[in-house]
Amino acid sequence: MRITLAYITFISLAGVGTQLIQAIFSEAVRVAVSKWRSNLTFEQALEYLARPGDLGRELQPAIERELISRGSSCADVQAFAWAQPCLKLEAIFQPDDLPDTPTDFCPVPGAEGTVIARVTAIACLAAINSATISYGSENGGDLFVNLVVFPPGRGKFTVKSADKMSGHTDGVTFPLRGHRHPVNGRIAPSPDFVCLSALRNPKQVPTTVMPLDHLMARLSQDHIEELQKPQYIIGSQLTFREGMVDILGDELDVDDAQLLFSMNGSWWIRFSHSTTQIADIGQKSAQEAMDALKHACADCAIALPLQPGDIALINNRIALHGRSEPGSEYGEQTRWLLRTYGLDVTDIDPSQWHDGSTFMLYP
Ligand SMILES: O=C(O)CCC(=O)C(=O)O
Ligand SMILES: [Fe+2]
556 MRITLAYITF
566 ISLAGVGTQL
576 IQAIFSEAVR
586 VAVSKWRSNL
596 TFEQALEYLA
606 RPGDLGRELQ
616 PAIERELISR
626 GSSCADVQAF
636 AWAQPCLKLE
646 AIFQPDDLPD
656 TPTDFCPVPG
666 AEGTVIARVT
676 AIACLAAINS
686 ATISYGSENG
696 GDLFVNLVVF
706 PPGRGKFTVK
716 SADKMSGHTD
726 GVTFPLRGHR
736 HPVNGRIAPS
746 PDFVCLSALR
756 NPKQVPTTVM
766 PLDHLMARLS
776 QDHIEELQKP
786 QYIIGSQLTF
796 REGMVDILGD
806 ELDVDDAQLL
816 FSMNGSWWIR
826 FSHSTTQIAD
836 IGQKSAQEAM
846 DALKHACADC
856 AIALPLQPGD
866 IALINNRIAL
876 HGRSEPGSEY
886 GEQTRWLLRT
896 YGLDVTDIDP
906 SQWHDGSTFM
916 LYP
């Protein structure tokens, strides 16, 4: 039976269509990646991760075939992914042969489970027409990083790694896709998708997702107008600070930031609880609108406890995300996610890539 988009849209009101297309997408990607993997040695598979663009282009037609044989297509899944705050792709890969959980962002250990997790993430993003990308200013530009608890002794990083995270978009100080930085045109846009691959999560610590349409429903017309005014200051997120000083000479802050954007009939957001303030402390209406947004986040957070082998594709335009508190235990068999980013790079200017890289964006 062909599952048309109209059908999915109709029954997704009940959640059934949503689950069905996620299950079909998961199975199509799992089968395509397993077939691809079975023709390669471990070393060959690992080597592909240095060329995510090539890998995506190789896997996309295979995923398309698997989707078509299940009555769907990459175009269907792409349209679906852009309408959803988050896709939860359950048991999309098998996290075999993992070492103990690392205790830093980098490097991702080269084991079968991490290779297949990374290839699967690249495959999912390629299927929805997103390139898998990094920023040179975050964690040395590594395409995948470990999201894990850090041991004592790493200051703010240790504290943050064990703590809950309130709603935010990733790469919050970068322009939205389609916009350019007013002074430095090399600065690339923030990601369209945040891709989390779960390797371990023994305490079922949830990632949280706050769909923008749920947030909007809790905001007044006045709040919505205030959030569209360039009256906020956004500071750099912790993981980018050092790299930005190295590359740009200073942290990238946005002094006249708008948080909410009307984009061709839909809304996009950028926000971070921990790094956003009002520009003028006298501006009560700006503060009230931001407070209302924060309250809405607290009301709208959907818990998404990822299991080993699950991938979450969080839409970084139409959702905020965060997580509950992982706690201070680290290493051994503790929580371990891998993170990468997806972006439609069709309109990225050549200068917005780091010289010589096919996946690392500036800064
Ligand atoms: O740990 C998680 O589930 C999400 C972490 C996150 O959003 C981040 O590191 O930016
Ligand atoms: Fe995040």
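Residue numbers for the sequence shown follow the working numbering, so the first one is 556 and each next one is one higher. Glycine included, every Cβ here is placed at the ideal spot set by N, Cα and C.
{"Check": "Cβ-heavy atom distance, Thr-762 to ligand 1, below 7 angstroms", "Outcome": "yes"}
{"Check": "Pick from Asp-910, Arg-894, Arg-890, Asp-899 that is closest to Asp-718, judged by C-alpha positions", "Outcome": "Arg-890"}
{"Check": "beta-carbon Asp-697 near ligand 2 non-hydrogen atom, thresh 7 angstroms", "Outcome": "no"}
{"Check": "Those residues which DSSP pairs with Pro-766 across a bridge", "Outcome": "Ala-874"}
{"Check": "Close beta carbons around Tyr-562, own chain, < 6 angstroms, minus the five adjacent residues each side", "Outcome": "Residue placement at Tyr-562 is flagged as unreliable, the pLDDT there being 42, under the threshold of 50; a coordinate-derived value is accordingly withheld."}
{"Check": "Supposed contact pair Pro-657 and Pro-650 - C-beta distance, whole angstroms, cut 8 angstroms", "Outcome": "Between Pro-657 and Pro-650 the Cβ distance is about 14 angstroms, and since that is not below 8 angstroms, they are no contact."}
{"Check": "Under the three-state DSSP convention, the category Thr-592 falls into", "Outcome": "It is worth fixing the name first, because residue 592 is Arg in this sequence and not Thr. Helix, per DSSP."}
{"Check": "Leu-604 versus Arg-673: straight-line alpha-carbon distance, rounded", "Outcome": "8 angstroms"}
{"Check": "Segments of 4+ residues assigned as alpha helix (DSSP H) that fall wholly inside the stretch 625-664", "Outcome": "629-638"}
{"Check": "Inter-residue spacing [alpha-carbon to alpha-carbon] between Ile-857 and Thr-830", "Outcome": "22 angstroms"}
{"Check": "Neighbour-count burial assignment, Met-845, 16 or more Cβ in a 10 Å radius", "Outcome": "buried"}
{"Check": "Assigned exposure category for Cys-750 - 16 Cβ within 10 Å defines buried", "Outcome": "buried"}
{"Check": "Reduced DSSP category for Ser-752 - H, G, I as helix; E, B as strand; rest coil", "Outcome": "strand"}
{"Check": "His-876 beta carbon near ligand 1 (any heavy atom closer than 7 angstroms)", "Outcome": "yes"}
{"Check": "Beta-carbon proximity of Leu-814 to Leu-782, cut-off 8 angstroms", "Outcome": "yes"}
{"Check": "Beta-carbon proximity list for Gln-907, same chain, < 7 angstroms, skipping 5 on both sides", "Outcome": "Arg-741, Ala-743, Leu-916, Tyr-917"}
{"Check": "Cutoff 7 angstroms; reference Gly-668; Cβ partners in own chain excluding five residues on either side", "Outcome": "Pro-650, Asp-651, Asp-652, Leu-653, Leu-754"}
{"Check": "Cutoff 6 angstroms; reference Val-809; Cβ partners in own chain excluding five residues on either side", "Outcome": "Thr-728, Ile-789"}
{"Check": "Enclosing alpha helix (DSSP H) for Thr-901 [first to last residue]", "Outcome": "No alpha helix (DSSP H) contains Thr-901, which DSSP labels as neither H nor E."}
{"Check": "Between the CA atoms of Pro-905 and Gly-911 - distance to the nearest angstrom", "Outcome": "11 angstroms"}
{"Check": "Which listed residue (Tyr-787, Ile-618, Gly-626, Glu-780) has its alpha carbon closest to that of Gly-837", "Outcome": "Tyr-787"}
{"Check": "Distance CB(His-828)-CB(Ser-721) smaller than 8 angstroms", "Outcome": "yes"}
{"Check": "beta-carbon Arg-796 near ligand 1 non-hydrogen atom, thresh 7 angstroms", "Outcome": "no"}
{"Check": "Proximity to Arg-878 [Cα-Cα], best of Ala-634, Gln-599, Trp-591, Cys-855", "Outcome": "Cys-855"}
{"Check": "DSSP state of Ile-802 mapped onto helix, strand, coil", "Outcome": "helix"}
{"Check": "Secondary structure of Asn-701, DSSP reduced to three states", "Outcome": "strand"}
{"Check": "CB contact flag (Leu-644, Gln-577, <8 angstroms)", "Outcome": "yes"}
{"Check": "Strand pairing of Val-809, partner residues [DSSP]", "Outcome": "Ile-789"}
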